[in-house]
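For reference, the structure discussed in these notes is given below.
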Amino acid sequence: MAPNMDATVHAITRYLGDQLGLRAAFLEGLPWQERERLFDDGQMDVCWICGLPYVWKADRENSLVELLAAPVMQASRYQDRPIYFSDVVVRRDGPFQAFADLRGASWAYNERGSHSGYNVVRYHLATLAENSAYFGKVVESGAHQTSLGMILDRQVDASAIDSTVLELELERQPGIQAEIRIIGTLGPSPMPPWLVSKAVPEPRRAKLRRTLLNMHHDAQGRAILATARIARFAAVTDRDYDAIREMARLAEQVTL
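What follows is the structure, encoded as structure tokens:
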């Protein structure tokens, strides 16, 4: 979950607590790595997580994670489905017009546990029969928003940015639109899901799932979702994330 989604997730957390009659707390001021560690250690019940670490967790023996739902974004490009994209972003005043132009360019990825910023890029290079030598320089930024900032500051030439993060950033900082160009799109990929720990009693897990899936039918719920350009939550199954498993398998051929 990118930092620009924090306010919406905080509001969803309060909404779930109110609907279920529970005290629900959003863990603020923590990096996502610490939130994920707390979830893995059983100190947090619900987590919104990238699809790549989801399949890692789900494929462990005696996995303790269960899918709740995944967001469906408002924009028409998402086809009313729980999918998203990785938009390849460069500066508008630069020479790059297509992914093929990026050979030898400098590239930023957010972090190695990311599907949208790292895994899908390696998969794309594998399908092109390319390898780590494709880019001239590669740096790990730590976050999609940081990668975007590095492009704007001319520290790197390009990056693959989670489309939901980019769209929200452009809505909140519209001036950026004039400074960047999207020269390609990777995906679609299965949308990052909301997970619940199997340590949570099953009746409560079921009620959490129902509440998320019905949130868009409620005026308050719709208003909260709209703050992050989310239309609704959709039911998802483990099989929906097989595409990420297959991309990860092919991506093993490439390192960045």
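So for the sequence shown, my numbering puts the first residue at 1; every next one is plus one.
We put the CB at the ideal spot given by N, CA and C, even for glycine.
Between K198 and E34 the beta-carbon gap is near 21 Å, outside 8 Å, which marks them as no contact.
The C-alpha of K57 is placed about 6 Å away from the C-alpha of S63.
Note on G42: under 16 other CB atoms within 10 angstroms of its CB, so exposed under the neighbour-count rule. Per DSSP, reduced to three states, the secondary structure at M191 is coil, with no helix or strand assignment. Between P192 and W48, the CB-CB gap stays under 8 Å.
In the pairwise beta carbon analysis, the stretch 203-215 is classified as not touching the stretch 76-93: fewer than three pairs are separated by under 8 Å. V9 carries a helical assignment under DSSP once its states are collapsed to helix, strand and coil. Remark: C-beta atoms of S141 and A105 do not approach each other more closely than 8 Å.
When the beta-carbon positions are compared, L250 and Y123 come within less than 8 Å of each other. Judged by DSSP secondary structure, L170 falls within the alpha helix (DSSP H) whose first and last residues are S163 to R172. Straight-line spacing of the CA atoms in Q155 and N110 works out to 14 Å.
Under the 8 Å Cβ criterion, the stretch 128-148 counts as touching the stretch 159-175, having at least three qualifying pairs.
Taking 8 Å as the cut-off, the beta carbon of L52 is found no closer than this to the beta carbon of S132. Around the Cβ of S76, a 10 Å sphere holds fewer than 16 other Cβ atoms; the residue is exposed. Looking at the DSSP output, K207 shares a beta bridge with no other residue.
I183 is a Cβ neighbour of A98, given a cutoff of 8 Å.
Just so you know, the alpha carbons of L125 and A69 end up roughly 30 Å apart.
For Q74 against A231, the beta-carbon gap comes to about 5 Å, under 8 Å, which counts as contact. Shown here, G117 sits in a helix according to DSSP, grouped into three states. With a beta-carbon spacing of about 5 Å, V46 and V196 fall inside the 8 Å limit used to define contacts.
Around the CB of T227, fewer than 16 other CB atoms lie within 10 Å, so the residue is classed as exposed.
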